[in-house]
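Heads up, the sequence shown is in our numbering, so the first residue is 703 and it goes up one at a time. What follows is one structure encoded as structure tokens, with my remarks underneath.
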Amino acid sequence: MMRYFALLSLLFCMACQDVKRPERPDDLISEEKMVDIFVDAYLMNAARSISVQTINESGIKLDSVLYKKYAIDSLQFVKSNAYYTSNLNGYIELFTKVETKLHAIKEQKDSVQKAFQKEQGFQQKIDSVKQEQKLVQPVASDSLATEE
């Protein structure tokens, strides 16, 4: 019985080892920039899910586009992401900001789309009025007109 207790204690001590958190990288990407990177990454993944064949045929590497746009490399991104993920509460805040930005972009796109649809509705009304005017025959002369 004592052996099992000793073995269990040893296993427990080994399981409770100290977890090393990543150190702050020298080239840490700022939190605001990480938010922008994640927003663009989400938008690019949405585009990829809609037209993956078009993206593959054009040879566009979406990750490379992100790295070039933000002047970072993949290692810098991985190190920064690992650093931010080591603080769960901070990482949740970061993704709350990402979600807020994505909702703002969606609202902006929706309002532009509504304005476009409203404009299309006006244009259709104008076109229908023009069509109706073509159907009405103009009067050649007015028989009730008096000569002066």
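By construction, the Cβ of each residue, glycine as well, lies at the ideal position given by its N, Cα and C atoms.
| Query | Result |
| --- | --- |
| Going by beta carbon distance, what residues of the same chain come within less than 7 Å of D729, once the five residues before and after it are set aside? | Q778 |
| Could you check the C-alpha separation between R726 and D742 for me, to the nearest Å? | 24 Å |
| Any idea what DSSP makes of E821, helix, strand or coil? | helix |
| So, is Y785 buried or exposed, given that buried needs 16 or more other C-beta atoms within 10 angstroms? | buried |
| Contact between the region 807-815 and the region 791-799 is defined here as three or more beta-carbon pairs at a separation below 8 Å; is this criterion met? | no |
| With burial defined as no fewer than 16 other Cβ atoms inside 10 Å of the residue's Cβ, what is the status of K781: buried or exposed? | buried |
| Determine the direct distance from the alpha carbon of R723 to that of L709, and round the result to whole angstroms. | 28 Å |
| Out of N758, T756 and S776, point me to the one whose CA is closest to D765's CA. | S776 |
| Rounding to the nearest angstrom, what Cα-Cα distance links E801 and D738 in this structure? | 11 Å |
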